[in-house]
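A quick write-up on the structure given underneath.
Residue numbers (my numbering): 1 to 72.
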């Protein structure tokens, strides 16, 4: 989960994100990283988490993408 306060309690549910990535990977042609496991035991690292495949790429922290050229 991102650091800081969330907009709502469901704004970033890693459990839901895991299930969506898993379903897309198994039942569609949408390119997503392979997800390996979901751990919902908060005592492990303080919050639920999942482990997924590493893929090369870019991370966009500004969701408006205002500085991204139109062509991209």
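Just so you know, even glycine gets a beta-carbon here, dropped at the ideal spot from N, CA and C. No experiment lies behind these values; they were computed from the predicted model shown.
{"Item": "What is the C-beta distance between residue 22 and residue 35, in whole angstroms, given that I count them as a contact (C-beta under 8 Å)?", "Value": "5 Å"}
{"Item": "How is residue 60 classed by DSSP in three states: helix, strand or coil?", "Value": "coil"}
{"Item": "Quick one, are the C-beta atoms of residue 42 and residue 48 less than 8 Å apart?", "Value": "yes"}
{"Item": "When we look at the beta-carbon of residue 54 and count the other beta-carbons within 10 Å, is it buried (16 or more) or exposed?", "Value": "exposed"}
{"Item": "Using the C-alpha atoms, what's the distance from residue 14 back to residue 40?", "Value": "9 Å"}
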